[in-house]
Amino acid sequence: MNTVTFTQMKDGTRDEYLMLGELEDRFVEGLPERILEALKALENTLSGYRVSRLDHVLQSATRAEEDGEDEEMIVAALIHDLGDDLAPHNHSQYAASIIRPYVRAEVTWIIEHHGLFQNYYYIHHFGGDPLERDRYQDHPWYQRCVDFCERWDQASFDPDYPTRPLEHFAPMVRRIFSRPAFDPAYVGDESVRHL
1 MNTVTFTQMK DGTRDEYLML GELEDRFVEG LPERILEALK ALENTLSGYR
51 VSRLDHVLQS ATRAEEDGED EEMIVAALIH DLGDDLAPHN HSQYAASIIR
101 PYVRAEVTWI IEHHGLFQNY YYIHHFGGDP LERDRYQDHP WYQRCVDFCE
151 RWDQASFDPD YPTRPLEHFA PMVRRIFSRP AFDPAYVGDE SVRHL
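Using UniProt numbering, the letters of the sequence shown correspond one by one to residues 1 to 195.
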């Protein structure tokens, strides 16, 4: 059996769902390569900056690595703008949803909120409040998100910065996105509660 017979999920048999589960498991194994392909596609996206979106995220990840961050945070810096194409108004939440099943809650929270925190640097030009992020100032990861934006995100538009290539980060992407999804050994109990 290569295809189910049902046209409504409620009519599926156990054997059909077992077959679908096997197909999904094989599909999930390809996630790291699909992430890498999506990152490559950032080369030809949002324009107007002095670097491509791909160069920006590579530079952010390079800066995170230079600062001695762990692999989870480096990969998070690498994928933090992955949602720019499909979710331009909520790209932070999009990227956070991609990485959430594979990393600790702190990393997910920082990626989920970086767009709001990044407003600090420019939103006043559009009449917005650059201090809107301060509603989270009592959150335990507030300062980490401030630092993420200050040290890596807003600073990574420099065409002369010695940026590492995607191939350098590919093994990290493969390790992170090959983890079992929502494994408490990686995500802890906090992320599992967000299912």
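Don't be surprised by glycine CBs; every beta carbon is placed ideally from N, CA and C.
- Scanning its chain for C-beta atoms nearer than 7 Å, with the 5 sequence neighbours on each side dropped, one finds around residue 156 the residues 56, 59, 60 and 63, in chain order.
- Per DSSP, reduced to three states, the secondary structure at residue 173 is helical.
- For residue 111, the closest of 77, 44 and 126 by C-alpha to C-alpha distance is 77.
- Considered as a whole, the UniProt domain "HD" (53-119) harbours 53-66, 71-79, 91-99 and 105-118 as its complete alpha helix (DSSP H) runs of no fewer than 4 residues, in chain order.
- Per DSSP, reduced to three states, the secondary structure at residue 143 is helical.
- Cβ contact annotation for residue 154 (same chain, cutoff 7 Å, sequence separation greater than five): 118 and 121, in chain order.
- Looking from the CA of residue 26, the closest CA among 127, 94, 178 and 47 belongs to 178.
- Around the beta carbon of residue 69, 16 or more other beta carbons sit within 10 angstroms, so the residue counts as buried.
- Counting only the Cα atoms, residue 176 lies some 24 Å from residue 140.
- Around the beta carbon of residue 124, a 10 Å sphere encloses fewer than 16 other beta carbons of the protein chains shown; the residue is thus reported as exposed.
- Within the model, the alpha-carbon separation for residue 186 versus residue 104 is close to 6 Å.
- Counting along the chain, the unbroken alpha helix (DSSP H) around residue 35 starts and ends at 31-41.
- In the structure shown, residue 186 falls within a helical segment according to DSSP collapsed to helix, strand and coil.
- Taken through DSSP and simplified to helix, strand or coil, residue 48 comes out as coil.
- In this structure, residue 151 lies near residue 67, with their beta-carbon atoms less than 8 Å apart.
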